[in-house]
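Here's the structure we're looking at; comments come further down.
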């Protein structure tokens, strides 16, 4: 696949974004990124995504294939003068392994640096997902040592209740990444 086209989401995109996120996070065919066996509910619904996108200094980067199919997304939110939060990162399982995730991640990082003017991006990864920590580590996101608990409203499956469901905070210094790239 050629490099997907990136653009920012609008409210009218929500009905197509939600199924992508749900399938990537909780679908039966969501590949190595699946967390479907750990939770009792979908990752997000349309009302929740609308609420997320309505928060000031929030954007969602979308990736579309040449035929217009939505193949990836990532949310970025400015949470401090120097820092943004990255989440709701999803790639259509049918397109995983083709560089779409890297393209979306680059788009999110570019938005954080050039639109929000932040120096760092943080994200959280579930404790039982060391492969994700390794994946993001290869892209410059390093553990901060901070651990956060899942929100109380999250309903775990029987499998999830047996796992360490704390969230590890990872952070990337965009200034360091820019100086390496220069």
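Numbering (the UniProt record's numbering), first residue to last: 1 to 182. From the three backbone atoms N, C-alpha and C, an ideal C-beta is built for every residue, glycine too. Remember, predicted model here, so these are calculated numbers, not experimental data.
Let's test the definition: count the other Cβ atoms within 10 Å of the Cβ of residue 4 and tell me whether it reaches 16, buried, or not, exposed.
buried
Any chance you could list the beta strand (DSSP E) runs of at least 3 consecutive residues sitting entirely within the segment 88-118, in chain order?
none
Shorter than 7 Å from the beta carbon of residue 64 to some beta carbon of chain B?
Any reference to chain B falls outside this structure, which holds one protein chain only.
On the criterion of 16 or more Cβ atoms from any shown chain inside 10 Å, does residue 112 qualify as buried, or is it exposed?
buried
Indicate whether residue 62 and residue 9 have their beta-carbon atoms separated by less than 7 Å.
yes
Since residue 126 sits in a beta bridge, which residues does DSSP pair it with?
Its beta-bridge partners are 167.
From the DSSP output, which residues share a beta bridge with residue 58?
77
Tell me, please, whether the segment 89-102 touches the segment 46-56 by the rule of three or more beta-carbon pairs shorter than 8 Å.
no
Rounded separation between residue 174 and residue 64 - CA only:
25 Å
Less than 7 Å between the C-beta atoms of residue 125 and residue 172, yes or no?
Not a contact, by the Cβ cut-off of 7 Å.
Here's a check: name, in chain order, each residue in its chain whose Cβ is nearer than 6 Å to the Cβ of residue 162, leaving out the five neighbours to either side.
Only weak support exists for where residue 162 lies, its pLDDT of 48 falling under 50; the value from the coordinates is given anyway. Closer than 6 Å at Cβ, skipping near neighbours: no residue.
Span of the beta strand (DSSP E), counted from its first residue to its last, around residue 9:
Premise fails: residue 9 is in no beta strand (DSSP E) and is neither H nor E.
Would you say residue 52 and residue 18 are within 7 Å of each other, going by their C-beta atoms?
no
With a Cβ-Cβ cutoff of 7 Å, do residue 84 and residue 135 count as a contact?
The answer is no: Cβ separation not under 7 Å.
How many angstroms separate the CA atom of residue 105 from the CA atom of residue 138?
12 Å
Who does residue 83 pair with in a DSSP beta bridge?
Among the bridge pairs identified by DSSP, residue 83 is matched with 80, 120.
Could you check the C-alpha separation between residue 66 and residue 6 for me, to the nearest Å?
11 Å
Between the C-alpha atoms of residue 94 and residue 2, what's the straight-line distance to the nearest angstrom?
15 Å
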